[in-house]
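Working notes, structure below.
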Amino acid sequence: MKTRQNGLSLLLALKETLQREKEALIANDSVAFNNIVTEKQAFLSHLEEASFEECNRVAIEKEVNEIKELQECNVLLTRQAISYHDSVLDALSEGMEKKSRTYSKKGQLSPAKNAGLFNQSV
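Its first residue numbered 1357, the sequence shown is counted upward by one per residue in this note's numbering.
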């Protein structure tokens, strides 16, 4: 017979993982963040098999509320990071879209080749 893991200890471990995820998001550490997401996915199967029968209900509710708050904070940090990266990419691509005109060697006004930050020819 398979021994069921204590639910409260599993919640405490999940909370610690979420705290590390928050720190990785703040530090913009994508490698650590990726590893933590993998860890969080493993918690799903463990939580399904966990036993909460011998746990204090008040302690469980406290941990679940703290986990919820951490998860909401991490989602906001993730959205903020995505928004920042989108803003940077928009600012960089905006400069690439502007077409400038220059004078050719013969003195004629002609469109210039795109002199952008990124090489668009692939």
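For glycine and all other residues, C-beta sits at the position ideal for the given N, C-alpha and C.
Please read all numbers here as calculations on a predicted model, not as lab measurements.
{"Query": "Cut-off 7 Å between Cβ atoms - residues of its own chain near Asn-1422, not counting five sequence neighbours on either side", "Result": "Note that residue 1422 corresponds to Glu in the displayed sequence, not to Asn. Contacts found: Lys-1371."}
{"Query": "Nearest-angstrom Cα separation, counted from Glu-1405 out to Leu-1448", "Result": "49 Å"}
{"Query": "Cβ pair count under 8 Å reaching 3, the stretch 1362-1382 against the stretch 1409-1421", "Result": "yes"}
{"Query": "DSSP-derived helix/strand/coil call for Asn-1391", "Result": "helix"}
{"Query": "Residue range of the unbroken alpha helix (DSSP H) whose run includes Ser-1407", "Result": "Per DSSP, Ser-1407 belongs to no alpha helix (DSSP H) and is neither H nor E."}
{"Query": "Glu-1395 beta carbon less than 8 Å from that of Asn-1430", "Result": "no"}
{"Query": "Whole-angstrom C-beta distance between Gly-1363 and Phe-1408, which should lie under 8 Å", "Result": "4 Å"}
{"Query": "Rounded C-alpha distance that separates Ala-1380 from Ala-1437", "Result": "12 Å"}
{"Query": "Same chain only: Cβ atoms within 6 Å of Ile-1382, ignoring 5 sequence neighbours per side", "Result": "none"}
{"Query": "N- and C-terminal bounds of the alpha helix (DSSP H) containing Lys-1339", "Result": "Residue 1339 lies beyond the range of the chain shown here (1357 to 1478); nothing can be said about it."}
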